[in-house]
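Heads up: the protein sequence lines correspond to chains B and U, in order. Take 52 as the starting number for the first sequence in our numbering and just add one per residue. Take 52 as the starting number for the second sequence in our numbering and just add one per residue. Note that the Cβ used here is the ideal one computed from N, Cα and C, for glycine as well.
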Amino acid sequence: MQPFTTLTGTIAPLNQSNVDTDQIIPKQYLKTIQRTGLKEGLFADWRQRADGSPNPDFFMNQPCYQDAPILLTGENFGCGSSREHAPWALLDYGFRCILAPSFADIFYNNCFQNGILPIVLTLAEVQSLFDRVARNSQYQLTIDLPQQRVRLPEGEEYAFTIDPFRKDCLLKGLDAIGVTLQHESAITAYEARRSRETPWLFQP
Amino acid sequence: MAGKTLFEKIWDQHVVREEPDGTTLLYVDRHLIHEVTSPQAFEGLRLSGRQPRRPAAVLAVPDHNVPTTDRSQGIADPMSALQVSTLEQNCREFGITYFGMHDHRQGIVHVIGPEQGLTLPGMTIVCGDSHTSTHGAFGALAFGIGTSEVEHVLATQCLVQKKPKTMEIRVEGTLPDYCSPKDVILAIIGRIGIGGGIGYVVEYTGSVIRSFSMEGRMTLCNMSIEGGARAGLVGPDEVTMKYLEGRPLSPKGPLWEQATKFWKTLASDPDAKFDRVLEMIGHDIAPQVTWGTNPEMVTDVTGRVPDPSQIEDPQTRASIERALAYMGLSGGVPIRDITIDRVFIGSCTNSRIEDLRIAAKYVKGKRVSGTVKAMVVPGSGLVKAQAEQEGLDRIFREAGFEWREPGCSMCLAMNADVLSPGERCASTSNRNFEGRQGKGGRTHLVSPAMAAAAAIEGHFVDIRDWS
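In structure tokens:
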């Protein structure tokens, strides 16, 4: 996993609440057995109009947002299906950070597994950023993970919280399985105890 | 010291270790796998040279991509076929039990787990699928995970978790006739909203919940995720024990005695504190129909599609306008005036034998409307066999329904069962998101009884006064 420390870049605005993972990547792109190349499916049904032509109103079809590494969006982003293809597609397209007032739980977890930093800001902070991007499509933020700050060019800062464990994994780009396997003896001891106390859980 | 909730008991029993910041290594008792969210996890194991820690704790089944028509020719779509054969190969390579497409026990992963007795009270159960919440009906802590976590569980039998908050949703009184668990969960989601359960595990309590069969409890817990809660729970009781006794993977003999004794301890203590409590009254709940593009956009069958011009909050108004534009509906239209083109009875929410019995009761001796194409997709091969033994297939066929092979089918339309653009469907599934059942398709979520009646009439009807 690619480590995440600081990131400076422009913002792609998607001013909508409850964006579900069926929209982030529709089902026809889930038939792959790879985790790469999924950007083709990112918001596939919203990028295009019914006739297949590009929807000029959608941010992905507006050149000014092409290289934005930060996605700004509404409440409950990533709700619905657990498909990790959603963060894979966002990452493949170039997003490393998502700012929203809230995230769906499974999607939020999946981001951390892929080096994407999801940041919960207040509704007012998110709204303020939407306003600034609307005035200036090249508006840039700096995301400072070590200090847990979103730095605005005007000098303002938004603080955010993150679990220390997740932060550490992101900063170092750690393989979570490797970290867990360091506790192999604790897992073995747990299994030994539980197979005595609740033996039916270990059959067959 | 305050007592513990059911969730806290199960959580505490599964802590392998806990860091000072609360980050917990949580043990996983059972792991279910399907073809869509697992290939990259197995590939990850191979790349890192790791092996599954407890292959015997894993059960795999293809369900999303399988055809629901004749299977003797295999799967027509080469991508779908590759995904299913990849699952089979992975299971063979890593020694995991696999119910293949031609196995009579094959079905939707959340139908077959309980059916086999794999799902037991007090367990932790995960699957790379958000509707894993279904298994909470047994008083198991069950939730969906992503593919990286599927790999993590395969390799370590554990997950790294932070303890969620607890919510009690108590539904007291009695449910009116003709109302079902599906109506209860849709009404709950309408109340809390699709993000209302974020960060929570929900325990459903109260006399209405207690009165539900195991299948009803599964419908209820299944859609917890549609309210944003990763997991839903119902405390195990006599109904649970009766359902489990004698199932292929349920404990037997002295182990059964030991297990049931333990399961009786799995109830929230009377003085346990939930972080949030919500109360609802059973007899206030009417048959529900969704009108929009997420499950909180729901109303009583006697209600109307909301009129955006009457909505003050600009954001809410905009989201309703957007949903109505997609759904091809005008504000103010009575729900019962909405005509439909398709009916889908199936999915991990409503494809079990009781769902099919109820739907069959409503269609018996009637004919599907000439303008409607209707299908029934049983949740598993065993459900299908049971239904056929009871003659339900004949009732459906004679009424003009298609009777299909088991799988996820048109709940998410990854196989050939897809809505065409603009088609409107009364569906017993769980998500009415844009494009969920096919690009441009329009989904209305309802109970099996409501779907059956809509198939006959060609529009929604209030089953309480429908004969």
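Original post:
When the distance is taken between beta carbons, is V160/U closer than 8 angstroms to C142/U?
Top reply: The residue labelled residue 142/U in the question sits at position 91 within the second sequence. The residue labelled residue 160/U in the question sits at position 109 within the second sequence. No; because the gap between Cβ atoms is not below 8 angstroms, this pair is not in contact.
Original post:
Whole-angstrom Cβ separation of L123/B and V184/B, contact assumed at under 8 angstroms?
Top reply: Position 72 of the first sequence holds residue 123/B. Position 133 of the first sequence holds residue 184/B. Correct: roughly 7 angstroms between the Cβ atoms.
Original post:
How would you list, in chain order, the residues of chain B whose beta-carbon sits under 8 angstroms from the beta-carbon of S159/U?
Top reply: Translated into positions along the second sequence, residue 159/U becomes position 108. According to the sequence displayed, residue 159/U carries Ile and not Ser. Residues of chain B passing the Cβ test: none, with the nearest at roughly 14 angstroms.
Subject >> C-beta neighbour in chain U for A151/B, strict 8 angstroms >> reply: For the purposes of this step, residue 151/B is taken as residue 100 along the first sequence, with counting starting at 1. With 8 angstroms as the cut-off, A151/B does not count as an interface residue toward chain U.
Original post:
Are the C-beta of M274/U and some C-beta of chain B separated by less than 8 angstroms?
Top reply: As a first step, residue 274/U must be located in the second sequence, where it is residue number 223. No, because no Cβ of chain B sits closer than 8 angstroms to the Cβ of M274/U.
Original post:
Using a Cβ-Cβ distance under 8 angstroms, would R147/B count as near chain U?
Top reply: Along the first sequence, one-based indexing puts residue 147/B at 96. Answer no: the Cβ-Cβ gap between R147/B and chain U never drops below 8 angstroms.
Original post:
Does H203/U come within less than 8 angstroms of chain B when only Cβ atoms are used?
Top reply: Counting from 1 along the second sequence, the entry for residue 203/U is found at position 152. Taking Cβ atoms only, chain B reaches closer than 8 angstroms to H203/U, which makes this a yes.
**OP:** Can you grab the Cα-Cα spacing for the pair M378/U / Q488/U, in whole Å?
**Re:** Counting from one through the second sequence, the residue named residue 378/U turns up at place 327. Counting from one through the second sequence, the residue named residue 488/U turns up at place 437. Cα-Cα distance, rounded: 13 angstroms.
Original post:
What residue does the alpha helix (DSSP H) around T59/B start on, and which one ends it?
Top reply: Locating residue 59/B in the first sequence gives position 8, counting from the first residue. No alpha helix (DSSP H) contains T59/B, which is instead part of the beta strand (DSSP E) from T57 to L65.
Original post:
Just the Cα atoms here: how many angstroms apart are L496/U and K312/U?
Top reply: What you label residue 496/U is simply residue 445 of the second sequence in a count that begins at 1. What you label residue 312/U is simply residue 261 of the second sequence in a count that begins at 1. Cα to Cα, the separation comes out at about 39 angstroms.
Original post:
Would the beta-carbon of V352/U fall within 8 angstroms of that of M501/U?
Top reply: Locating residue 352/U in the second sequence gives position 301, counting from the first residue. Locating residue 501/U in the second sequence gives position 450, counting from the first residue. It is a contact, given that the beta carbons lie within the stated cut-off.
Subject >> Proximal residues of chain B, C-beta to C-beta of D180/U below 7 angstroms >> reply: Taking the second sequence and counting its residues from 1, one reaches residue 180/U at position 129. Those are S133, listed as they occur along chain B.
Original post:
What is the rounded straight-line gap between the Cα of I371/U and the Cα of T61/B?
Top reply: Position 320 of the second sequence, counted from the first residue, corresponds to residue 371/U. Position 10 of the first sequence, counted from the first residue, corresponds to residue 61/B. Looking at the two C-alpha atoms, the distance is approximately 30 angstroms.
**OP:** Give a yes or no on whether 8 angstroms exceeds the smallest Cβ distance from E308/U to chain B.
**Re:** By one-based count along the second sequence, residue 308/U stands at place 257. So, not an interface residue.
Subject >> Host alpha helix (DSSP H) of I167/B (start-end) >> reply: Within the first sequence, the letter at position 116 stands for residue 167/B. Here I167/B belongs to no alpha helix (DSSP H), and DSSP marks it neither H nor E.
Subject >> Sheet register partners of I176/U (DSSP bridge) >> reply: Looking up residue 176/U in the second sequence gives position 125. Paired residues: R81/U and A193/U.
Subject >> When C399/U, D121/U, P106/U and P457/U are compared against Y149/U, the one with the closest alpha-carbon >> reply: Locating residue 149/U in the second sequence gives position 98, where the first residue counts as 1. Of the listed residues, the one whose Cα sits closest to Y149/U is P106/U.
Subject >> Exposure label - Q212/U; buried when at least 16 CB within 10 Å >> reply: Walking along the second sequence from the start, residue 212/U turns up at place 161. By the neighbour-count rule (16 or more Cβ atoms within 10 Å), Q212/U is buried.
Original post:
So, helix, strand or coil for C459/U, using DSSP?
Top reply: As a first step, residue 459/U is located in the second sequence; it is residue number 408 there, counting from the start. Three-state DSSP puts C459/U in coil, outside helix and strand.
**OP:** Kindly indicate if chain B contains any beta-carbon less than 8 angstroms away from that of V67/U.
**Re:** Position 16 of the second sequence, counted from the first residue, corresponds to residue 67/U. At least one chain B Cβ lies under 8 angstroms of V67/U.
Original post:
Which same chain residues, not among the five before or five after R202/B, have their C-beta less than 7 angstroms away from its C-beta?
Top reply: Counting from 1 along the first sequence, the entry for residue 202/B is found at position 151. Result list for R202/B: L192, T193, D195 and E208, in chain order.
Subject >> Span separating the alpha-carbon of S184/U from that of Q189/B >> reply: The residue labelled residue 184/U in the question sits at position 133 within the second sequence. The residue labelled residue 189/B in the question sits at position 138 within the first sequence. About 42 angstroms.
Original post:
With a cut-off of 8 angstroms, do at least 3 Cβ pairs link the region 230-241 of chain U to the region 126-133 of chain U?
Top reply: no
Original post:
According to the neighbour-count rule (16 or more other Cβ atoms, all chains shown, within 10 Å of its Cβ), is S402/U buried or exposed?
Top reply: Numbered from 1 along the second sequence, position 351 holds the residue referred to as residue 402/U. Looking at its Cβ environment, which holds 16 or more other Cβ atoms inside 10 Å, S402/U is buried.
Original post:
Checking contacts by CB at 8 angstroms: is Y78/U closer than that to chain C?
Top reply: Note that chain C does not occur in the displayed structure, where the protein chains are B and U.
Original post:
What residues in the region 216-242 of chain B bring their beta carbon closer than 7 angstroms to a beta carbon of chain U?
Top reply: F216, A227, I228, T231, L232, H234, A237, I238 and Y241
Original post:
Ends of the alpha helix (DSSP H) at S370/U?
Top reply: Here residue 370/U refers to the residue found at position 319 of the second sequence. Counting along the chain, the alpha helix (DSSP H) containing S370/U begins and ends at P365 to M378.
Original post:
Using the beta-carbon of each residue, which ones in chain U are nearer than 7 angstroms to T249/B?
Top reply: Reading the first sequence from its first residue, position 198 is the one you call residue 249/B. The answer, in chain order, is F313.
Original post:
Along chain U, in chain order, which residues have C-beta atoms closer than 8 angstroms to that of R98/B?
Top reply: Counting from one through the first sequence, the residue named residue 98/B turns up at place 47. Within 8 angstroms Cβ-Cβ: nothing; R98/B doesn't reach chain U, min ~12 angstroms.
**OP:** Round the Cβ separation of L81/B and H136/B to the nearest angstrom and send it over; I've been treating them as touching at under 8 angstroms.
**Re:** On the first sequence, position 30 is the one that residue 81/B refers to. On the first sequence, position 85 is the one that residue 136/B refers to. Confirmed, Cβ separation roughly 6 angstroms.
**OP:** Could you round the C-beta distance between E202/U and I240/U to whole angstroms and report it? I think they count as a contact, below 8 angstroms.
**Re:** For this step, residue 202/U is matched to residue 151 along the second sequence. For this step, residue 240/U is matched to residue 189 along the second sequence. About 31 angstroms; that fails the 8 angstroms criterion.
**OP:** Measure the C-alpha to C-alpha separation of G430/U and C476/U and round it to an integer number of angstroms.
**Re:** Taking the second sequence and counting its residues from 1, one reaches residue 430/U at position 379. Taking the second sequence and counting its residues from 1, one reaches residue 476/U at position 425. Each residue's alpha carbon lies about 19 angstroms from the other.
Original post:
Going by C-alpha distance, which of K415/U, R448/U and E405/U is nearest L433/U?
Top reply: Position 382 of the second sequence, counting from 1, holds the residue named residue 433/U. Of the candidates K415/U, R448/U and E405/U, the one whose C-alpha sits nearest the C-alpha of L433/U is E405/U.
Subject >> Collapsed DSSP secondary structure at V201/B in the structure displayed >> reply: Taking the first sequence and counting its residues from 1, one reaches residue 201/B at position 150. V201/B: strand per DSSP, three-state reduction.
**OP:** Mind listing the chain B neighbours of N401/U? Cutoff is C-beta to C-beta under 7 angstroms, in chain order.
**Re:** For the purposes of this step, residue 401/U is identified with residue 350 of the second sequence, where counting begins at 1. Neighbours of N401/U on chain B: none; closest Cβ ~18 angstroms, over 7 angstroms.
Subject >> DSSP-derived helix/strand/coil call for I396/U >> reply: For the purposes of this step, residue 396/U is taken as the residue at position 345 of the second sequence. Strand.
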